[in-house]
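Step one of this worksheet: look at the structure below.
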DNA sequence: ATAATCTATGCATACGGTTGCATAGGAATG
DNA sequence: CATTCCTATGCAACCGTATGCATAGATTAT
C-alpha cells in the first residue's frame, strides 16, 4: 500500500494526530516538530489520500456543473466552453475539483445530479438556467444545498443565486454603437419570442431608442428562429416595407449572416447603406465578410464569478441569494464600419 | 446526520454487512432478506455515501480529462467540446464521474494532475497529446496508471494507448472526393509543417494522388499558418504559377476561406473553376458562402471510445496499449459542388 | 511555593462501507 | 443417523484522516 499519515508519524517520531495538524495548520505545533514532520514527508514522498480526507471531513472539495449531452446547442457553443474554463480556474484556485455531469435522469430513477448530491460526492453545483426544473431547484433550496444558476432563471420568484450577462445593457449598447456610427433607423431581429434574454435585450433596445428619440416602429422588432432562410425572409419584409430600417441588431450570428446576404441581394452596400450587428462573438462573426460587429461577453469571467460565489456559499454556508449581471462590450468590425455617415 | 447503512440494517433487522452485500450484489442473499432490505432503504430514503465507498474500495470511480486553460485554441474548438460530451457519456454509462482539470502545475510544485493521481482522487486520466510531456507520461507508465492519450503522441516509442482520427485516411478521402467531382490538379495548403496530423494528411494526399495517377507538383504542397492573410498569399502564388491547381485541400476553415476569397478575387468561380475543401466541420464551414465541403470527424465518438477504453483499463487492470484511428467522412457542400465537371 | 494557565502533543474514537473468516441451520450423502 | 457440504448471515477488522479530550511539562500569576 501507499505511504500513510502513520508512516510519516512513525518516521518523525510523533503521533498521527500531530502530522494531521501540521497538514491542516490546526492547533499549535512547535517549530522543531514541524520540521521533523516535513522532513519525513519529503523522505517518504507522502501524499495525503484525498478520498480518506474527503470522507473524514464530509466534504470532497468538488463542485459540479450540469450539462445536457443531448443538447446540440451547447456543443457548438463556444460560450459554454469558455465558461467551463473560467469555472475550472476559480475552482482550482480554491482547491476544488470540477465534475462535469449530464443532467438527464437515468433509468434507476435517481438522476445523476441527485446522486452526486445525496452521495456526498460534491459540495455544490452550477446549473445552466436552460436545464432548470422548478421542482429540482426548490428541492435544492429546501436542503440549502449550495447552487448557482448560470443565466437568469425564468421563474422570478426563485431565491437562487445566479450570474448572467446584463442583457438589457447589452441591448442598449447595441443601439448606442449603431447610433454612434450614424444609424438612426434600427431594427431588431430576435431568434425567439419566449426567451428571457431576447426579452431583456429588446427592453434595452427600446430604452436606448427612446432615450435617443429615434424612430421606433413596432414592425422593426421581429421574431423568427435561428435559420438563414427565416432570417432572410424577415429581413426581406423589413426592407420591402414602407419604413425601411438602416441597421439591424440580430440575436445571433446566423441571423446576422442572413441579414447581410439579404441586404446585399437587394443592392444595399454594407456597412454604408445598412449596418448589421449581432450578439456573441464567435469565429463566424470574425471570419464573415464583412466581419460582423458583435456584442461580446466575457464568458470566462462569468464562469469564474459563478464558481467563486458557489465556493463562497459552500465555505461560509451563507445562502443569501446573490446576482451578478456582467456588462458586455462591443467588438467593432466592418459590418457597422461606415466611413460616410448617413443623414445626421 | 444522514441515513447510514447501519440504520438500514437495523430497520431491516439484519447486519450492515448483509446490506452492503445487497448493495453490491455480492455473496448470496435470500430473496426474503433482500426484500426486507430494499424496503428499509426505501422507507429511510437511504443513499450510500459515495465518499465512504470510494474510500473503502480505494477507488473513487472518477476519471479526469486534462485541459489547458490558457490554451486559446481549445476554447474556440468545438472539437474539444464534443469530445468532452462523448467522454462524459461513456463515463456516465459505466458509473464513473468526469473531472475536468487544468494541466499546468501550480506553485506547490505538485501539479494538479499528479495530485489527483497520488491523492487517489481519480482512477484514470485522459490526456490531450498536445499537453503531453514525455517525462510525465513515462512516470504514468511506470506506475501503470490508467491513461489514454487524445490524439496520436508524437514520440513514437511510447507505449501509451491513444485515440485519434485516421489522418492519412482523411487525406485520401479529401483527394478522392475532389476527384469524384472532376478535379484533377489538387493542391494542399497546410497550417503547419511540424504538426503530426498535417504530415499524416499529406501522406494520405500523396498516396491518393499517386494511386489515381494525378498530377503531383511539389509546389502544390505548401505550408503556412492559420491566417487569412498568409493563406491568401499562398493561394495567390499557386494561382499565379505555371502549374495552376483546380482545387485545394486546406488544413482548416480559415485557410479555406482565404482560398475562396483569393480565388474569387482572381476571377475564379467556385466551385466550377476552383474547388475548396477543408478539415473539420464547424459553424464557419456551414455558414460560409459558398458552404465549404469538409472532412468531418465524429469527435463525440472519439471521446466515447477513449473513455470506454480507459475504463476498461481501470477495471480489467490490463495495460496493453491500444490504438484507435477513427475514419472520417466528407460533408459535402457547395465549395466542391461542381455542376459541370472539368476536363475528364 | 502553589495554583492557574499555556503550549505541545498523544490517545482513542469517529466517519460509513467493505470483506475475510466464522458459523448456524438445512440439505445432501454415505 | 453421522458426516459433509451448501446457503445465508453475522462479527470484527480495516481503509486513512480528523478531532475532542486528556495530560505532561513549562510558564505565569498569586
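Chains as they are written, first to last, in my numbering: chain L, 82 to 425; chain G, 82 to 425. Cβ atoms here follow ideal geometry from the backbone N, Cα and C, with glycine treated the same way.
Between residue 164 of chain G and chain L, the shortest Cβ-Cβ separation is not below 8 Å. Taking 8 Å as the cut-off, the beta carbon of residue 335 of chain L is found closer than this to the beta carbon of residue 368 of chain G.
Per DSSP, residue 179 of chain L lies in no alpha helix (DSSP H) segment; the continuous beta strand (DSSP E) that holds it begins and ends at 178-183. The DSSP-derived three-state label of residue 365 of chain G is helix. For the pair of segments examined, the stretch 351-365 of chain L was found not to touch the stretch 293-300 of chain L: the number of CB pairs separated by less than 8 Å stays below three. What residue 173 of chain G touches in chain L, judged by beta-carbon distance under 9 Å, is 150, 182, 183, 187 and 193, going in chain order. In terms of Cα proximity to residue 351 of chain L, the closest of L/329, L/363 and L/364 is L/329. When Cβ-Cβ separations below 8 Å define contact, residue 311 of chain L makes no contact with chain G. Spanning the alpha carbons of residue 393 of chain L and residue 181 of chain G requires a straight line of approximately 20 Å. Of the other Cβ atoms in all chains shown, fewer than 16 fall within 10 Å of the Cβ of residue 318 of chain L; this residue is therefore exposed. Among the CB atoms of chain G, none fall inside 8 Å of the CB of residue 292 of chain L. Close to chain G, meaning a Cβ-Cβ distance shorter than 7 Å, are the following residues of the stretch 111-133 of chain L: 128, 129, 130, 131, 132 and 133. Under the Cβ criterion (8 Å, minimum of three pairs), the stretch 157-177 of chain G does not count as touching the stretch 135-147 of chain L. No Cβ of chain G is located within less than 8 Å of the beta carbon of residue 209 of chain L. Between residue 387 of chain L and residue 231 of chain L the beta-carbon gap is near 6 Å, inside 8 Å, which marks them as a contact. In this structure, DSSP gives residue 271 of chain G an extended state, which the three-state scheme calls strand. No residue range can be given for residue 417 of chain G, since it is assigned to no beta strand (DSSP E) and is classified by DSSP as neither H nor E. For residue 338 of chain L, the neighbours in chain G by C-beta distance under 7 Å run, in chain order, 368.
The way I'd put it, the stretch 414-421 of chain L doesn't touch the stretch 89-104 of chain G; fewer than three beta-carbon pairs between them come closer than 8 Å. With respect to chain G, the C-beta atom of residue 141 of chain L has a partner C-beta closer than 8 Å.
Contact of residue 407 of chain L with chain G is not assigned, every C-beta pair being separated by 8 Å or more. Here the stretch 332-349 of chain L makes no contact with the stretch 377-387 of chain L; the two share fewer than three CB pairs at distances below 8 Å. Between the stretch 192-211 of chain L and the stretch 127-137 of chain G there are three or more C-beta pairs closer than 8 Å, enough to call the two in contact.
Not a single C-beta of chain L is nearer than 8 Å to the C-beta of residue 106 of chain G. Under DSSP, residue 406 of chain L shares a beta bridge with L/245. With a threshold of 8 Å between beta carbons, residue 364 of chain L makes contact with chain G. At least one C-beta of chain G is nearer than 8 Å to the C-beta of residue 179 of chain L. Listed in chain order, the non-local C-beta contacts of residue 84 of chain G below 6 Å within the same chain comprise 125 and 127, local neighbours out to five positions each way being set aside. For residue 374 of chain L, there is no enclosing alpha helix (DSSP H); the enclosing beta strand (DSSP E) has its first and last residue at 374-377. Its Cα nearest to that of residue 274 of chain G, the residue G/303 stands out among G/268, G/303 and G/253. The C-alpha of residue 162 of chain L is placed about 16 Å away from the C-alpha of residue 365 of chain L. At least 8 Å separates the CB of residue 356 of chain L from every CB of chain G. By the Cβ test, the stretch 372-383 of chain G is in contact with the stretch 243-253 of chain G, since at least three Cβ pairs between them sit closer than 8 Å.
Using a Cβ-Cβ cut-off of 7 Å, residue 91 of chain L is close to nothing in chain G; its nearest Cβ partner there is about 20 Å away. Distance from the Cα of residue 338 of chain L is smallest, within the candidate group L/315, L/323 and L/264, for L/315. For residue 89 of chain L, the enclosing alpha helix (DSSP H) stretches over residues 86-93.
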